[in-house]
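Engineer: FYI, the numbering for the first sequence is 813 to 1006, going by this note's numbering.
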Amino acid sequence: MEYCLYKKVLPRSFYAGDTVTVARELLGALLVHESSSGLTVGRIVEAEAYLQGDPACHASRGMTRRNRVMFGPPGHAYVYFVYGMYYCFNVVTAAEGIGEAVLIRALEPLEGIPLMCSRRRRRTELCSGPARLVQAMGIGKEHNGADLTAGSLVVCAGEPPAEEIVTSTRVGIRAGADLPLRFYLSGNNFVSRK
DNA sequence: GTCCTGATCCTCT
DNA sequence: GAGGATCAGGACG
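1. Alpha helix (DSSP H) containing residue 914: first to last residue?
2. Measuring CB to CB, does residue 893 end up less than 8 Å from residue 953?
3. Starting from the C-beta of residue 915, find all residues in its chain whose C-beta is less than 7 Å away, skip the five residues before and the five after it, and write them out in chain order.
4. Identify whether residue 1004 lies in helix, strand or coil by the three-state DSSP scheme.
5. Can you check which of these residues, 864, 995, 979, 853, is closest to residue 922 by C-alpha distance?
6. Given residue 777, which residues of its chain have a CB within under 7 Å of its CB, disregarding the five upstream and five downstream residues?
7. I believe residue 978 touches residue 918 by the beta-carbon criterion, under 8 Å. Please report the beta-carbon distance rounded to the nearest angstrom.
8. On the DSSP bridge list, what partners appear for residue 968?
9. One question on the structure: do residue 958 and residue 928 come within less than 8 Å of each other, judged by their Cβ atoms?
10. Quick check for students: name the residue ranges of the beta strand (DSSP E) that lie wholly in the region 831 to 898, counting only runs of 3 or more.
11. Is DSSP giving residue 945 helix, strand or coil here?
12. Note the first and the last residue of the continuous beta strand (DSSP E) segment covering residue 997.
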């Protein structure tokens, strides 16, 4: 199967708008990573919005060295280290100066599945969870700040999803736990949690 | 400086 | 279902 990658890359303007809208519209889009060890592609099936003024958002208490890419121009990757072991991958949204982002929580593996298996050292649950997909896609801290509209790691438009979008509360947080800022594709088997 | 917490996942029981 | 792995940031003093 072939993808016309560079025709379909989502433009920066896609990310510049309302973060909740971007989070919903990212469902069905394709995350593409062309690395030295091969191409991996996954369809985004689950995402969470993190907003300015939202206590769960890393940027809620202003800019620090860690979160500064969230305040930069939209369409860049914000990759951060959690729990001493794992990385999570976010897409920076909203205008420059506003610290908002969308956490990608799950992908449906499409291309490079053998490579994902070898990176994950398992054959199931390759991309169903934020740290899992980062591992399967070969994303690392070196991608923090990477431009997602050009380069080896990009987001491309996919087919509009046939599934309905379900809204729920976010996973794994305490502050802001009641906010309906998690979105996933109904019935999709690759979502991390129902 | 020290302490604590965390947008997680894996391996047991 | 529970606990461990493992470390950077942020809050405090």
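Glycine residues also receive a C-beta, built at the ideal position from the N, C-alpha and C atoms. The structure presented is a predicted model; accordingly, all values stated were derived computationally and were not measured.
Structural biologist: Taking the geometry as given:
1. In the first sequence, the residue the question calls residue 914 occupies position 102. That residue, residue 914, is in no alpha helix (DSSP H); its beta strand (DSSP E) goes 913 to 923.
2. Position 81 of the first sequence holds residue 893. Position 141 of the first sequence holds residue 953. Going by C-beta atoms, residue 893 is nearer than 8 Å to residue 953.
3. As a position in the first sequence, residue 915 is number 103, starting the count at 1. So the list reads 859, 860, 862, 900, 902, 942, once near-sequence residues are dropped.
4. Counting from 1 along the first sequence, the entry for residue 1004 is found at position 192. DSSP places residue 1004 in coil when its eight states are reduced to three.
5. Counting from one through the first sequence, the residue named residue 922 turns up at place 110. The shortest C-alpha separation from residue 922 is found at 853.
6. In the structure as shown, the chain starts at 813 and stops at 1006, and residue 777 therefore has no counterpart that could be examined.
7. Taking the first sequence and counting its residues from 1, one reaches residue 978 at position 166. Taking the first sequence and counting its residues from 1, one reaches residue 918 at position 106. The Cβ separation is near 12 Å, so there is no contact.
8. If you number the first sequence from 1, residue 968 lands on position 156. Paired residue(s): 821, 842.
9. As a working mapping, residue 958 is identified with position 146 in the first sequence. As a working mapping, residue 928 is identified with position 116 in the first sequence. Not closer than 8 Å, so no.
10. 842 to 847, 850 to 862, 889 to 894
11. Working through the first sequence from its first residue, we reach residue 945 at position 133. Here residue 945 sits in helix by DSSP.
12. Numbered from 1 along the first sequence, position 185 holds the residue referred to as residue 997. First-last of the beta strand (DSSP E) with residue 997: 994 to 997.
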